[in-house]
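Residue numbers (our numbering): 2 to 86. We put the CB at the ideal spot given by N, CA and C, even for glycine. Just so we're clear, the structure is a prediction, and the values are computed from it rather than from any experiment. The next block holds one structure in the form of structure tokens; read it before the comments.
Right under this line is the structure:
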């Protein structure tokens with residue numbers, strides 16, 4: 002009795018393994034497509050051609066100095082003066 006159960010379980014495992022391999026192959030294919038697309042888009046860009054791994058580091062915005070502290074009353078006055086009713 003137990004052997005029929007284990008055979009069914011083994012068949013399930015094989016089916017799942019085949020599905021898993023198909024999904025992994027599809028993921029790999031998609032990854033390759035995206036990489037080639039990315040490389041093609043990077044080819045024309047002179048900044049990223051120098052360092053393709055860190056394109057976001059090139060255009061780092063200047064740090065904004067912190068605004069001076071103001072009391073709640075000052076902020077309310079300022080906002081009221083900006084848009085009078």
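Spatial distance of residue i from residue j (CA atoms)
i: residue 33; j: residue 17; result: 24 angstroms
i: residue 77; j: residue 83; result: 10 angstroms
i: residue 30; j: residue 14; result: 24 angstroms
i: residue 43; j: residue 4; result: 58 angstroms
Where residue i falls: helix, strand or coil (DSSP)
i: residue 72; result: coil
i: residue 84; result: coil
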